[in-house]
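So in the working numbering, spot 316 of the sequence shown is number 301, and the numbers just go up one at a time.
Think of the CB as a built atom: it goes at the ideal place given N, C-alpha and C, for glycine as much as any other residue.
Notes to accompany the following structure.
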Amino acid sequence: MRKQRKAGLGCPATPGGLIEAEQIATAMHQAISEGIDPTTVVLRAKHQPGQVVPEKPITVAEAIAIYEKDYWQTRKRLPNTELTWQRYQHILNRLPANGVLSLGLLQRTLLETTEPDSRTRQMTCMQFERLLKKSGVEGSEQLRSLRGNYKPQERELPTDEQLVQLIDVIRPTKWGWCLAAMATFGCRPGEVPSLQLHKDGTADCLSIKEKLRLPALRTCFAYPKEWIDRWALHEVEIPTGPLEEARWIKPNQFDSADSERWVAAWRGARQAQIYKETIAEVFGDDYRFDIYDMRHRWAVRSIEANVNQSLCAQSMGHSLQMHEQRYQRWMTATDLRAAMARLAEAS
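Structure, rendered in structure tokens:
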């Protein structure tokens, strides 16, 4: 038995409106028999000046082809842009390729395959909106209202004392140098193989989060500097993981797909017995340790020590605005503690 669906026609409750509704219903029946999404009939019937309605129904596959063509008209084909498109396509592939593109189809797919107020819902919604706009199909604003209110969960970060306990044990192991270097310099996981340390406590590394372009060189600094000697970071030890070589010093040596595979192998190392036992001993059995905690703790450590945050943002490879937005919680707490200290001294 065919599933029934309600469709709002927007016709007035008048004799003329009844005639109009009957005409639209007849056209919708004809569309269904021809395999066309009936919501496109309603769009045409209620079309207003200024609305974009395609000349004829367009399939999902045709719409994705239009979107992809537009995507590559404004970007160079680089490993990172290829990877970005693959992520977009992974989202778009949830749609039936032979289905007729319509707001109703996208809404149903969105609601059936994603959770409310999740990052997946937000990202899927954004791609579906773009697909409609690039294809000239009405409805992107209605989709926008379904994005929800996604907010990343705030993690409880490890203390420096806990990190030292952990890394002192892990440092002699295969991925120990990488963990210690990330904790000391606050770089991203995929940037670790690009680190080139200097004697003054700074290091050169690649910023790999710049969209639509090759990574750029930047200078980062160790904080605290004494960790360099504590964990012998000048003795660079970078595992190759699944790669033949894992060392990208120049921008043209970087490949985003290789970087992702390498970071995945690093994260997988947490399953080793020494990691599990040490993490449980230092943090407790329920703590979910992630290597990105090293970077976040570096940022918070610098805030707590009142290090110039403009320099810290540069060292971490993002803008001051993003830095302040991401770490506002800790900045506010540090400012309040400093203010209370000043009041105590003045009293």
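Please name the residue in Thr99, Trp160, Asn237 whose C-alpha comes closest to that of Leu191. Ranked by Cα distance from Leu191, the first of Thr99, Trp160, Asn237 is Asn237.
Taking the alpha-carbon of Leu296 as reference, which of Phe170, Ala50, Arg72 has the nearest alpha-carbon? Of the candidates Phe170, Ala50, Arg72, the residue whose Cα lies closest to the Cα of Leu296 is Phe170.
Could you work out which residue in Asn78, Asn83, Thr109 is closest to Gln92 when comparing CA atoms only? Out of Asn78, Asn83, Thr109, Thr109 has the C-alpha closest to the C-alpha of Gln92.
Using the beta-carbon count (16 or more within 10 Å), is Asp275 buried or exposed? That one is exposed.
Suppose contacts are defined by Cβ-Cβ distances below 7 Å. Is Gly133 in contact with Pro101 by that definition? Going by beta carbons, Gly133 and Pro101 fall inside the 7 Å limit.
Sub-7 Å separation of Glu208 and Ser304 beta-carbons: Correcting the residue identity first, residue 208 is Tyr in this sequence and not Glu. Going by C-beta atoms, Tyr208 is not nearer than 7 Å to Ser304.
State the Cα-Cα distance for the pair Val285 and Arg215, rounded to the nearest angstrom. Cα to Cα, Val285 sits roughly 21 Å from Arg215.
Rounding to the nearest angstrom, what Cα-Cα distance links Leu142 and Phe268 in this structure? Going by the C-alpha atoms only, they are around 10 Å apart.
Please confirm whether Pro178 and Trp233 have their CB atoms less than 7 Å apart. Yes, they are a contact pair.
Between the CA atoms of Asn78 and Trp57 - distance to the nearest angstrom: Straight through space, the alpha carbons of Asn78 and Trp57 are spaced by roughly 18 Å.
Just checking my contact of Ala48 with Leu116 at CB under 8 Å: how many whole Å lie between their CB atoms? Contact flag correct, Cβ pair sits at about 6 Å.
For the putative contact between Pro81 and Lys159, defined by C-beta atoms under 8 Å, what is the C-beta separation to the nearest angstrom? Actually they do not touch by this definition, with Cβ atoms about 45 Å apart.
Would you call the CB atoms of Thr44 and Asn83 closer than 7 Å? Yes, these two residues count as a Cβ contact at 7 Å.
Looking only at its chain, what residues have a beta carbon closer than 8 Å to the beta carbon of Glu114, apart from the 5 residues adjacent to it on each side? Excluding the 5 residues flanking it on each side, Glu114 has same chain C-beta neighbours closer than 8 Å at Ser125, Leu128, Arg129, in chain order.
Output yes or no for whether 7 Å exceeds the beta carbon distance between Ser300 and Phe206. The criterion of a C-beta distance shorter than 7 Å is satisfied by Ser300 and Phe206.
Are the CB atoms of Leu180 and Ala168 nearer to each other than 7 Å? Taking 7 Å as the Cβ cut-off, Leu180 and Ala168 do not qualify as a contacting pair.
CB contact check: Glu220 to chain D, cutoff 7 Å: Judged by its chain identifiers, the structure shown contains no chain D, having just a single protein chain.
Run the CB neighbour count on Ser18, radius 10 Å, all protein chains shown included, and call it buried at 16 or more, exposed below. Taking all protein chains in view, the Cβ of Ser18 is surrounded by fewer than 16 other Cβ atoms within 10 Å, so the residue is classified as exposed.
Straight-line gap, Arg273 to Gln15 (C-alpha atoms, nearest Å): Here the alpha carbon of Arg273 sits roughly 56 Å from the alpha carbon of Gln15.
Entirely enclosed alpha helix (DSSP H) segments - the stretch 223 to 305, minimum 4 residues: Whole alpha helix (DSSP H) segments, 4+ residues: 241 to 253, 258 to 268, 277 to 289, 294 to 301.
Cβ neighbour criterion (16 or more within 10 Å) applied to Glu176: So Glu176 ends up on the buried side.
If I'm right that Lys118 touches Ile51 with Cβ under 8 Å, what's the distance once you round it to whole angstroms? That belief does not hold up - the Cβ atoms of Lys118 and Ile51 are roughly 10 Å apart, past 8 Å.
Under the three-state DSSP convention, the category Val38 falls into: With a pLDDT of 47 at Val38, under the threshold of 50, the predicted position of this residue should be treated as unreliable, and no value is reported.
Residues in the same chain with beta-carbon distance under 6 Å from Val246, minus the five sequence neighbours each way, listed in chain order, please. In the sequence under discussion, the amino acid at residue 246 is Arg, which differs from the Val named in the question. Annotation for Arg246: Pro227 place their beta carbon closer than 6 Å to its own, counting only its chain and skipping 5 residues before and after.
DSSP-derived helix/strand/coil call for Leu63: If DSSP states are grouped into helix, strand and coil, Leu63 belongs with coil.
Thr263, buried or exposed, once every other Cβ within 10 Å from all chains shown has been counted against 16: Buried, since its Cβ has 16 or more Cβ neighbours within 10 Å.
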